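Have a look at the structure below before the remarks.
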Amino acid sequence: MNPSIACNPLAKSKRELRARLLEARFSAALEASSNESLSRQVIEVLKRFEPTRVGFYWPLRGEFDARRAIAVWLALDPRREAALPVIPRKHEPLVFHAWSPDMPMQPGHHQIPEPTSARVVIPDLLLIPCVGFDAEGYRLGYGGGYYDRTLATWPGEKKPVTVGIAYEACRVDALHRETHDIPLDAIITDTCSYPVMVG
29 MNPSIACNPL
39 AKSKRELRAR
49 LLEARFSAAL
59 EASSNESLSR
69 QVIEVLKRFE
79 PTRVGFYWPL
89 RGEFDARRAI
99 AVWLALDPRR
109 EAALPVIPRK
119 HEPLVFHAWS
129 PDMPMQPGHH
139 QIPEPTSARV
149 VIPDLLLIPC
159 VGFDAEGYRL
169 GYGGGYYDRT
179 LATWPGEKKP
189 VTVGIAYEAC
199 RVDALHRETH
209 DIPLDAIITD
219 TCSYPVMVG
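Everything in the sequence shown is counted per my numbering, starting at 29 for the first residue and increasing by one.
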């Protein structure tokens, strides 16, 4: 165990909260109706913001699988593009590579599948998985800080719209915030949509 974590009450409580929320998320993910509802929410949020290039994520255990909804969205307009995150090196910002439903994948860092396309895409909207979230748009992830690091160093002046994907069972009243935490613009769950960003 990392000794700095062992003697830091905040880190310990965050780790314990993450463990509880991961368990709640896994249980919620077993409900077919919850996943069908989230699929509809993904399509609705894409209609609302009208992006051309969407970055999303390869689903890990307990995470909502957005691939089917993204495939439907792609099929409606040939100009649309989807991309998945690639980790060039541990603790570096993510890079997004083009993805299509029939694309071969390869294992990346943490053994998470990554596209073989190697073509960089700059998304104008990101779908970001949440372990937990609060109503003010702050998310709890796995603790690696990849999305905060990526958004803080985003290329160009205009940052993407950020939409968290979560199960309602993983909502908490308030998350502890650190200086590097960046709130999301919106969050969608299996029962609600939280329009944190006005517009």
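Just so you know, even glycine gets a beta-carbon here, dropped at the ideal spot from N, CA and C.
All of these numbers come straight from a predicted model, not from anything done at the bench.
Leaving aside the five residues before and after residue i along the sequence, list all residues of the same chain whose C-beta is less than 6 Å from its C-beta, in chain order.
i: PHE57; result: In the sequence as presented, Phe is not what sits at residue 57; that position holds Ala. Cβ neighbours of ALA57 beyond the five flanking positions: GLY90.
i: ALA97; result: SER67, VAL70 and ILE71
i: PRO121; result: ARG177, THR178 and THR181
i: VAL2; result: Here the chain has residues from 29 to 227 only, and residue 2 is not among them.
i: ARG95; result: none
i: ALA83; result: As written in the sequence, residue 83 is Gly, which differs from the Ala given in the question. Only ALA111, PHE124, PRO151 and LEU154 meet the Cβ criterion.
Using the Cβ count rule (16 or more neighbours within 10 Å means buried), how would you classify residue i?
i: VAL148; result: exposed
i: HIS204; result: exposed
i: PRO106; result: exposed
i: GLU142; result: buried
i: GLY184; result: exposed
i: ALA146; result: exposed
i: ALA60; result: exposed
Once you ignore the five residues that flank residue i on each side, which residues in its own chain have a CB closer than 8 Å to its CB?
i: LEU49; result: VAL159, GLY160, LEU168, CYS198 and VAL200
i: THR144; result: MET131, PRO132, MET133 and GLN134
To the nearest angstrom, how far is the alpha carbon of residue i from that of residue j?
i: SER62; j: ILE215; result: 15 Å
i: THR207; j: PHE54; result: 29 Å
i: GLU51; j: LEU155; result: 21 Å
i: LYS42; j: TYR170; result: 10 Å
i: TYR175; j: ASP162; result: 17 Å
i: ILE150; j: ALA111; result: 8 Å
i: GLU109; j: PHE124; result: 11 Å
i: HIS22; j: ALA47; result: Outside the modelled stretch of the chain, which goes from 29 to 227, sits residue 22, for which no answer is possible.
i: PRO132; j: GLN139; result: 15 Å
i: HIS137; j: PRO113; result: 11 Å
i: TYR222; j: PRO116; result: 32 Å
i: GLY172; j: LEU45; result: 15 Å
i: LEU102; j: PRO79; result: 11 Å
i: TRP127; j: ALA194; result: 22 Å
i: GLY64; j: LYS186; result: The sequence given here places Glu at residue 64; Gly does not occur at that position. Cα-Cα distance, rounded: 32 Å.
i: ARG81; j: PRO157; result: 17 Å
Excluding the five sequence neighbours on either side, which residues of its own chain have a C-beta within less than 7 Å of the C-beta of residue i, listed in chain order?
i: PHE77; result: LEU153 and VAL189
i: ASP93; result: PRO87
i: ALA99; result: PRO129
i: CYS220; result: GLU196
Given 8 Å as the limit, tell me if residue i has its C-beta closer than that to any heavy atom belonging to the ligand GTP.
i: HIS208; result: This structure does not include the ligand GTP; it has no bound ligands of any sort.
List, from N- to C-terminal side, the alpha helix (DSSP H) runs of 4 residues or more that fit wholly inside the region 73-127.
Counting only runs of 4 or more, we get 95-103.
Hey, which unbroken runs of the beta strand (DSSP E) at 3 residues or more fall wholly within the region 166-209?
Look at the region 166-209 and you find these whole runs of beta strand (DSSP E), each 3 residues long or longer: 189-193.
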